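Top line first, the protein sequences correspond to chains A and B. So that you can map any letter, position 310 of the first sequence is 673 in my numbering, and since no number is skipped, the others follow by simple counting. So that you can map any letter, position 62 of the second sequence is 147 in my numbering, and since no number is skipped, the others follow by simple counting. Note that the Cβ used here is the ideal one computed from N, Cα and C, for glycine as well. Here the structure is a predicted model, which means the values were calculated and not measured.
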Amino acid sequence: MTKMAETDLLGAVNLALGRALQDDETTIVLGEDVGVNGGVFRATDGLQEKFGSARVLDTPLAECAIAGIAVGAATQGFRPVAEIQFAGFIYPVIDQVLNHASRLRTRTRGRLSCPMVLRAPYGGGVHAPEHHSESPEALFAHIPGLRVVIPSSPQRAYGLLLAAIRNPDPVVFLEPKRLYHALREDVTDDGKELPLDQPVYLRQGRDITLVTWGASTLEVLRAAEQLEAEGISTEVIDVATLSPLNDEPICASVEKTGRCIVVHEAARTGGFGAEIVARIADRSLTSLLAPVRRVTGYDTVIPLPRLEVKYMPGTRQIVDTAQEVMALS
Amino acid sequence: MNSKSNNAEPDDGARPADKAMNHVARFDIFCRRYIEPEGNVVAELPEVTSDVDLLKRLYRQMVLTRVFDQKAIALQRTGRLGTYPSVLGQEAIGTGVASAMRDDDVLLPSFREHGAQLQRGVSIRELLLYWGGDERGSDFSGPRNDFPVCIPVGSHFPHAAGAALAIKLRGSDNVAVVIAGDGATSKGEFYEALNIAGVWQLPLLVVIANNQWAISVSRKEQTRARTLAQKAIAAGIPGEQVDGNDAVAVFTATMEALEAIRAGRGPHLIEALTYRLGDHTTADNASRYRDDEEVSLHWHEDPVSRLRDYLTAQNHWTKEDEQTLLEECRGQVDSEAEAYLAIPVQPVSAMFDHLFAVLPEPLKLQREYAMEAGKDDQNGGN
Ligand SMILES: Cc1ncc(C[n+]2csc(CCOP(=O)(O)OP(=O)(O)O)c2C)c(N)n1
Ligand SMILES: [Mg+2]
Numbered sequence: 364m365t366k367m368a369e370t371d372l373l374g375a376v377n378l379a380l381g382r383a384l385q386d387d388e389t390t391i392v393l394g395e396d397v398g399v400n401g402g403v404f405r406a407t408d409g410l411q412e413k414f415g416s417a418r419v420l421d422t423p424l425a426e427c428a429i430a431g432i433a434v435g436a437a438t439q440g441f442r443p444v445a446e447i448q449f450a451g452f453i454y455p456v457i458d459q460v461l462n463h464a465s466r467l468r469t470r471t472r473g474r475l476s477c478p479m480v481l482r483a484p485y486g487g488g489v490h491a492p493e494h495h496s497e498s499p500e501a502l503f504a505h506i507p508g509l510r511v512v513i514p515s516s517p518q519r520a521y522g523l524l525l526a527a528i529r530n531p532d533p534v535v536f537l538e539p540k541r542l543y544h545a546l547r548e549d550v551t552d553d554g555k556e557l558p559l560d561q562p563v564y565l566r567q568g569r570d571i572t573l574v575t576w577g578a579s580t581l582e583v584l585r586a587a588e589q590l591e592a593e594g595i596s597t598e599v600i601d602v603a604t605l606s607p608l609n610d611e612p613i614c615a616s617v618e619k620t621g622r623c624i625v626v627h628e629a630a631r632t633g634g635f636g637a638e639i640v641a642r643i644a645d646r647s648l649t650s651l652l653a654p655v656r657r658v659t660g661y662d663t664v665i666p667l668p669r670l671e672v673k674y675m676p677g678t679r680q681i682v683d684t685a686q687e688v689m690a691l692s
Numbered sequence: 086m087n088s089k090s091n092n093a094e095p096d097d098g099a100r101p102a103d104k105a106m107n108h109v110a111r112f113d114i115f116c117r118r119y120i121e122p123e124g125n126v127v128a129e130l131p132e133v134t135s136d137v138d139l140l141k142r143l144y145r146q147m148v149l150t151r152v153f154d155q156k157a158i159a160l161q162r163t164g165r166l167g168t169y170p171s172v173l174g175q176e177a178i179g180t181g182v183a184s185a186m187r188d189d190d191v192l193l194p195s196f197r198e199h200g201a202q203l204q205r206g207v208s209i210r211e212l213l214l215y216w217g218g219d220e221r222g223s224d225f226s227g228p229r230n231d232f233p234v235c236i237p238v239g240s241h242f243p244h245a246a247g248a249a250l251a252i253k254l255r256g257s258d259n260v261a262v263v264i265a266g267d268g269a270t271s272k273g274e275f276y277e278a279l280n281i282a283g284v285w286q287l288p289l290l291v292v293i294a295n296n297q298w299a300i301s302v303s304r305k306e307q308t309r310a311r312t313l314a315q316k317a318i319a320a321g322i323p324g325e326q327v328d329g330n331d332a333v334a335v336f337t338a339t340m341e342a343l344e345a346i347r348a349g350r351g352p353h354l355i356e357a358l359t360y361r362l363g364d365h366t367t368a369d370n371a372s373r374y375r376d377d378e379e380v381s382l383h384w385h386e387d388p389v390s391r392l393r394d395y396l397t398a399q400n401h402w403t404k405e406d407e408q409t410l411l412e413e414c415r416g417q418v419d420s421e422a423e424a425y426l427a428i429p430v431q432p433v434s435a436m437f438d439h440l441f442a443v444l445p446e447p448l449k450l451q452r453e454y455a456m457e458a459g460k461d462d463q464n465g466g467n
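The following block contains the structure:
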């Protein structure tokens, strides 16, 4: 059954979850409030009604247990898709992910594996309460044996989430909640997955490569348009799968443009931008016409809503930085 | 509140006939209640109730909490406050617990315990400032050793045990008091903290505000245990239930527990039975997962009218008193709200200025850049 419907990123997540539950009876969904309530954002809306409370499970309030149960069930032939209600509450779960989910295959030389997905809404800019705005992608990208995937459009959310669920290994799937309702597009519910490990060109250009992921794609695309009007042509890449990072398309683009800026919301130091800059230094240094720059969140705690807007990297900063970079060569 | 209706079904196993099975231990959980709905006295009132002024103070404080709560919701609905968790229906817990505490005790509140914070001396404007999205709301003028509210559910239980350890090491007789919800008792930190507090006999009081819901997950879906109080028993700590809508019971249970703890008898847990009459937060719509009928039934248990009914029946409270009190509370809350709204946003530099005791040199450049970039309205998620 193929349906096309206009929907937002949240709706696309819901479609992908429904499709996965429909297509594969080993798929289960679990998390706090995912059942009758349909998740606090409604990502799982209607799923328990349709697939029953044996496959769409409301859990007690216990993140470590949610992740650990996903590990256990995954080793026994299920495909758990566990929701952590907000990325700010995912930190205790790192133990389960780092010590177990990402290592069981290695530890048992392939005898046991963990085909599980941990979904979590992440990121700032929506005036959420304390601990509800963090961007922890770099913490997970540092874990060997784990995939870290971040969608930035409804169609990509659908295809990437399906791919994550069907993937034989654990995936942390971070959903930029600022994009949940930001854009709508036609999403075809055809069960087709998108390739993991494949950055996406959002825009082709010749002067400068802008690399980003998640909600920052909004500001980057806006900056690209402003720069275009000033005669600066940008290539925009959405990394999509941060880990394992396929740097080929990024380096190919930088070799073409000779310039690069990485944009992310998370704090700068040790942020995933640093990895991208390192890859460029490794592979494409001699093609560079100017230093590679980062526009990121500050090395501070993300502020509560009243100051939050001043923390988030903005269009103006990207444009300014691009102009500086252009002026250097 | 009828404690029976609020506990999960009995799960006692059958008594084994096998002679190899020797009885080892048995535990009981009691639920305390003095005043039932409509203000009727159901048990001999404790000493403290002879102090009518104290009862009136408890009542005033609950009313103030409720008026504050209504204001906070109104501010949120008009875009002047962030997401806010209402404490409607649970006022007796914060008021009762905090009123029994000493200033030098340490409170570690969950995000819903505005009532306890108010009683502790956190100002209304500070509460609004926090929920309005400004960290200065946690730099409150109330007891300076109290914790800010805990948002990651249950993660503050160990902090409370740590604060209690500090008290014990120092040899003083104050107590760390942590308040959290029913949902929080499912977290590992809850058991870990209780266990350590038991082993080390720490001066710790754990109060569980069991409002029957953790967002959409009901008390019965949260745990198969008949009571949450019995979870303390597993750690070798006394656990009891109290009717959390009976302010006198909450106050008395807390007072007695604190006295025992101060006397060196180790940690204690009180499960206060109540009901969340409102949505989980202003971002929630509880009608998606619970019946309005259930909610209306629980209005009958309302802690505020219960104490008022009692005071009225004892001829300690009149309609005029009520009118005066409401006007006072509204006046206070309104003027505090005005004051909150007039507080300007902090400068961008504030993000940096409290990261470390002294801002490390390498961050100074970033701070300058942030201040410069912050001047531009096009920056910041635009
Ligand atoms: C560790 C963690 N997980 C999830 C959440 C999201 N959340 C906020 S409150 C809440 C329910 C808490 O229930 P309970 O402990 O009973 O407290 P109540 O809200 O009823 O006061 C949840 C799941 C959170 N804040 N922290
Ligand atoms: Mg609760």
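Following the DSSP letters along the chain, one finds residue 367 of chain A inside the beta strand (DSSP E) bounded by residues 366-371.
Among the residues facing chain B, residue 674 of chain A is included, as its CB has a counterpart in that chain under 8 Å away. Our two residues, residue 257 of chain B and residue 573 of chain A, have alpha carbons roughly 59 Å apart in a direct line. Between the beta-carbon of residue 321 of chain B and that of residue 272 of chain B there is about 20 Å, and that puts the pair past the 8 Å contact cut. Residues of the region 490-502 of chain A that bring their beta carbon within less than 8 Å of a beta carbon in chain B comprise 490, 491, 492, 493, 494, 495, in sequence order. Set against 7 Å, the gap from the CB of residue 448 of chain A to the closest heavy atom of ligand 1 is smaller. Legend: CB atoms of the region 512-535 of chain A lying less than 9 Å from CB atoms of chain B are not found in any residue. Cβ-Cβ distances below 7 Å link residue 636 of chain A to 625, 627, 657, 659 in the same chain, with the five nearest sequence neighbours on each side left out; the list follows chain order. Annotation: the region 297-322 of chain B contains the following complete segments of the alpha helix (DSSP H) (minimum length 4 residues), in chain order: 304-307, 315-319. Within 8 Å of the CB of residue 437 of chain B, the CB atoms of chain A belong to 661, 663, in sequence order along the chain. Secondary-structure assignment with DSSP links residue 295 of chain B through a beta bridge to B/358. Interface flag for residue 633 of chain A against chain B is unset, since no Cβ pair is found closer than 8 Å. Counting C-beta pairs closer than 8 Å gives fewer than three between the region 456-466 of chain A and the region 308-316 of chain B, which falls short of the contact rule. The C-alpha of residue 265 of chain B is placed about 31 Å away from the C-alpha of residue 464 of chain A. Our two residues, residue 251 of chain B and residue 581 of chain A, have alpha carbons roughly 48 Å apart in a direct line. Pairwise C-beta distances place the region 329-347 of chain B out of contact with the region 272-282 of chain B, as fewer than three of them are shorter than 8 Å. When C-beta distances to chain A are compared with 7 Å, the residues of the region 371-390 of chain B below that value are 373, 374, in chain order. Under the rule that a run must span 4 or more residues, the alpha helix (DSSP H) segments found entirely inside the region 180-237 of chain B read 199-205, 209-216. Two segments are said to touch when three or more pairs of C-beta atoms, one from each, lie closer than 8 Å; by this definition the region 420-428 of chain A touches the region 386-401 of chain A. For the 8 Å CB-CB criterion, residue 130 of chain B and residue 181 of chain B do not form a contact.
In the displayed model, residue 254 of chain B falls within a helix according to three-state DSSP.
Between residue 489 of chain A and residue 555 of chain A, the C-beta gap is not smaller than 8 Å, which leaves the two residues out of contact. Separation of the CB atoms of residue 481 of chain A and residue 419 of chain A is rounded to 16 Å, and the pair is thereby denied contact status at 8 Å. Taking the C-beta atoms as reference points, residue 595 of chain A is found no nearer than 8 Å to residue 487 of chain A. In the DSSP annotation of this structure, residue 684 of chain A is not part of any beta strand (DSSP E); the continuous alpha helix (DSSP H) holding it starts and ends at 678-690. In terms of Cα proximity to residue 586 of chain A, the closest of A/576, A/599, A/577 is A/599.
When distances are taken from the beta-carbon of residue 167 of chain B to the heavy atoms of ligand 1, even the shortest one reaches 7 Å or more. With respect to chain A, the C-beta atom of residue 305 of chain B has no partner C-beta closer than 8 Å. Under a criterion of Cβ atoms nearer than 9 Å, no residue of chain A is adjacent to residue 161 of chain B; the nearest Cβ is some 11 Å distant. Residue 144 of chain B sits in a helix when the DSSP states are folded into three classes. Counting along the chain, residue 536 of chain A sits inside the beta strand (DSSP E) bounded by residues 534-539. Closest in alpha carbon position to residue 137 of chain B, among B/117, B/399, B/357, B/427, is B/399. Beta-bridge partners assigned by DSSP to residue 414 of chain B: none are found. Per DSSP, residue 629 of chain A lies in no alpha helix (DSSP H); the unbroken beta strand (DSSP E) holding it starts and ends at 623-630.
Looking at A/550, A/619, A/613, the one whose alpha-carbon comes closest to that of residue 639 of chain A is A/613.
The beta carbon of residue 375 of chain A lies closer than 6 Å to those of 517, 520, 521, 550 in the same chain, with the five residues before and after it left out.
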